[in-house]
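Here is the structure we will look at, set down as structure tokens.
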Amino acid sequence: METYLIIAAVALLCGIAIAIIRNPGILKKIIASSATGLMTLAVIDLTYAFTGIYIAVSVWTLAVAALLGLPGVISLLFLKIIWNI
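Residue numbering for the sequence shown follows the working numbering, starting at -9 and increasing by one per position.
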């Protein structure tokens, strides 16, 4: 199973590298999307006392927030609210 994860990570990094080489301006967009996702995850974690919604901060949730940005965090919220995962 770990082999598949390593292969997927290498393929993702190669895709990102190719996109950056072809279009250098995309790097700013990737960094902005990652920062937005991580900040949103932090805001959700900090407002737990008021909202009652908590997303456990782990390697996987940080990866989802960094790679997918705001849509990834919203997906994590839906999973938490609907299925209580």
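Glycine included, each C-beta is placed from N, C-alpha and C at the ideal position. Bear in mind that the values here come from a model prediction, so they are computed numbers and not experimental data.
Check: Can you tell me whether residue 33 is buried or exposed, with buried defined as 16 or more other CB within 10 angstroms of its CB?
Finding: As a first step, residue 33 must be located in the sequence shown, where it is residue number 43. Exposed, because fewer than 16 other Cβ atoms sit within 10 Å of the Cβ of residue 33.
Note to self: I'd like the span of the alpha helix (DSSP H) that includes residue 51, first residue to last.
What the structure shows: The residue you call residue 51 lines up with position 61 of the sequence shown. Looking at the DSSP string, the run of the alpha helix (DSSP H) that includes residue 51 is 49 to 58.
Checklist line | Unbroken alpha helix (DSSP H) run spanning residue -4, endpoints | finding: As a first step, residue -4 must be located in the sequence shown, where it is residue number 6. Unbroken alpha helix (DSSP H) run through residue -4: -8 to 12.
Margin query: Could you tell me the alpha carbon to alpha carbon distance between residue 20 and residue 10, rounded to whole angstroms?
Written below: Taking the first residue of the sequence shown as position 1, residue 20 is located at position 30. Taking the first residue of the sequence shown as position 1, residue 10 is located at position 20. Cα-Cα distance, rounded: 10 Å.
Notebook entry, point to check: Within 10 angstroms of its Cβ, does residue 30 collect 16 or more other Cβ (buried), or is it exposed?
Noted result: Working through the sequence shown from its first residue, we reach residue 30 at position 40. Per the 10 Å Cβ criterion, buried.
Next item on the list: Just the C-alpha distance for residue 69 and residue -1, rounded to the nearest angstrom, thanks.
Entry: Numbered from its first residue, the sequence shown carries residue 69 at position 79. Numbered from its first residue, the sequence shown carries residue -1 at position 9. Their Cα atoms are separated by approximately 23 Å.
Check: Are the Cβ atoms of residue 54 and residue 66 separated by less than 8 Å?
Finding: Residue 54 sits at position 64 when you count from the first residue of the sequence shown. Residue 66 sits at position 76 when you count from the first residue of the sequence shown. Going by C-beta atoms, residue 54 is nearer than 8 Å to residue 66.
Next item on the list: Compute the Euclidean distance between the alpha carbons of residue -6 and residue 42, then round it to the nearest angstrom.
Entry: Taking the sequence shown and counting its residues from 1, one reaches residue -6 at position 4. Taking the sequence shown and counting its residues from 1, one reaches residue 42 at position 52. Cα to Cα, residue -6 sits roughly 36 Å from residue 42.
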